[in-house]
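These notes are about the structure you will find just below.
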Amino acid sequence: MSNDVTQTADKTPAEGPETTTGARIYRPLTDIIETEEGVTLVLEMPGVAAEDVDVTLEQRVLTIRGKVRPTQPEKLQLAYAEYGEGDFERAFTLSDDFDPEKIDASVANGVLTLTLPRAAEAKPKKIAVKAS
Amino acid sequence: MLYPFHNRRRDPFALMQSVLGDFDRIAPTRGQPVFPAVNVWQGDEAVAITAELPGIDPADIDISVKGNVLTLSGERKAPEVPEGARWHRNERGYGKFSRTVRLPFAASDDTVEARVANGVLRIVVGRPEEDKPRKIEIKAA
């Protein structure tokens, strides 16, 4: 075994205002898949329980926040760290055609899945251009 | 960086090798970063290893201990995507992974306990009785 420092995948800190406590806020890694029915967002938020996830949609901006429950094994001290722990936050600007009432969110194994169905009335409308 | 040439005049490749050696030292580790990142916790009674494994079913995680080497392996399965779907972003990674951690003592299987909560794995390895430090009493002469 070597004494080289192992390079692990880095967690990206979120851009934006700092926290008052100085704690880090991370940007969850996200997969976004579009289907006929709508858009599915898959966000990695390890350490976040379902009840600690906060999803809001305001002025077309979808904001996802997750509060981490820190891991602290009893009577043990951190001896070597490759990753940091902190809350997760990320925001996306959506197009207008999603129904905020129908957004479905579920958490499994630290992964949040958001399903945004396309609004029925948002089906493309053709506007006839009249010649004057 | 200076490459003194005068003492290597006899070997035309020495300079090149020395430059390449320096380059290897400076260049960051090549290849894929290691997954998962682990944190190691230490105490008098036990050692704990925590790792973030989001999206991995606990049934797909394999932990084995042999002597003082703990191996953590498994597979992160790619999500099933319906026909005709379009990917806008793909930041998450998928596939098989394996990591080995050297423990400060040899552990037996029955002292290892693993638990997964919200995608965070925590392995606690108990320190065997014979490995614990013993207090030596000082006798009065």
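Sequence order for the protein chains is P and S. First residue of the first sequence: 643, per my numbering; consecutive thereafter. First residue of the second sequence: 676, per my numbering; consecutive thereafter. Beta carbons are placed, not taken as given, at the ideal position from N, Cα and C, and that holds for glycine. The model shown is predicted, which means the values in this text are computed figures rather than measured ones.
Run the CB neighbour count on residue i, radius 10 Å, all protein chains shown included, and call it buried at 16 or more, exposed below.
| i | result |
| --- | --- |
| P/K653 | buried |
| P/A762 | exposed |
| P/G708 | buried |
| P/G664 | exposed |
| P/E660 | exposed |
| P/T682 | buried |
| P/G726 | exposed |
| S/G770 | exposed |
| P/V771 | exposed |
| S/R764 | exposed |
| S/W762 | exposed |
For residue i, would you say it is in contact with chain P, using Cβ-to-Cβ distances shorter than 7 Å as the test?
| i | result |
| --- | --- |
| S/V776 | no |
| S/T725 | yes |
| S/R809 | no |
| S/F780 | no |
| S/E804 | no |
| S/H763 | yes |
| S/E788 | no |
What are the partner residues of residue i, as DSSP defines its beta bridges?
| i | result |
| --- | --- |
| S/Q717 | P/Q719, S/V722 |
| P/P655 | P/Y668 |
| P/A750 | P/V753 |
| P/E731 | P/R707 |
| S/K741 | S/V744 |
| S/E755 | DSSP, once it has assigned bridges, lists no residue as partnering S/E755. |
| S/R774 | S/L747 |
| P/D673 | P/V684, S/N765 |
| P/T698 | P/T705 |
Throw me the rounded Cβ distance for the residue i and residue j pair, which I believe falls under 8 Å.
| i | j | result |
| --- | --- | --- |
| S/E727 | S/G794 | 7 Å |
| P/N751 | S/I798 | The pair is not a contact, with the Cβ atoms about 16 Å apart (cut-off 8 Å). |
| S/A782 | S/P803 | 7 Å |
| P/L754 | P/L685 | 5 Å |
| S/L745 | S/V709 | Not confirmed; about 15 Å, so no contact. |
| P/V695 | P/A747 | 7 Å |
| P/Y668 | P/F730 | 5 Å |
| P/T698 | P/T705 | 5 Å |
Contact criterion: CB-CB distance below 7 Å. Does residue i meet it with respect to chain S?
| i | result |
| --- | --- |
| P/P715 | yes |
| P/E676 | yes |
| P/T729 | First, the residue type needs correcting, since residue 729 of chain P is Asp and not Thr in the sequence shown. No - not a single Cβ of chain S is within 7 Å of the one on P/D729. |
| P/G658 | no |
| P/D696 | no |
| P/A665 | no |
| P/L671 | yes |
| P/V753 | yes |
| P/L720 | yes |
| P/G680 | no |
| P/T757 | no |
| P/Y725 | yes |
Any heavy atom of the ligand NAP closer than 6 Å to the CB of residue i?
| i | result |
| --- | --- |
| P/I769 | This structure simply doesn't include the ligand NAP, nor any ligand for that matter. |
Worksheet item: Taking a cut of 7 Å between CB atoms, which residues from the region 729–755 of chain S lie near chain P?
Response: P729, G730, I731, D732, P754
Discussion item. Using a Cβ-Cβ cutoff of 9 Å, what residues of the region 710–724 of chain S are near chain P? List them in chain order.
Written reply: F710, P711, A712, V713, N714, V715, W716, Q717, G718, D719, E720, A721, V722, A723
Practice prompt. Give, in chain order, every residue of the region 791–802 of chain S whose Cβ lies closer than 7 Å to some Cβ of chain P.
Written response: N793, G794, V795, R797, V799
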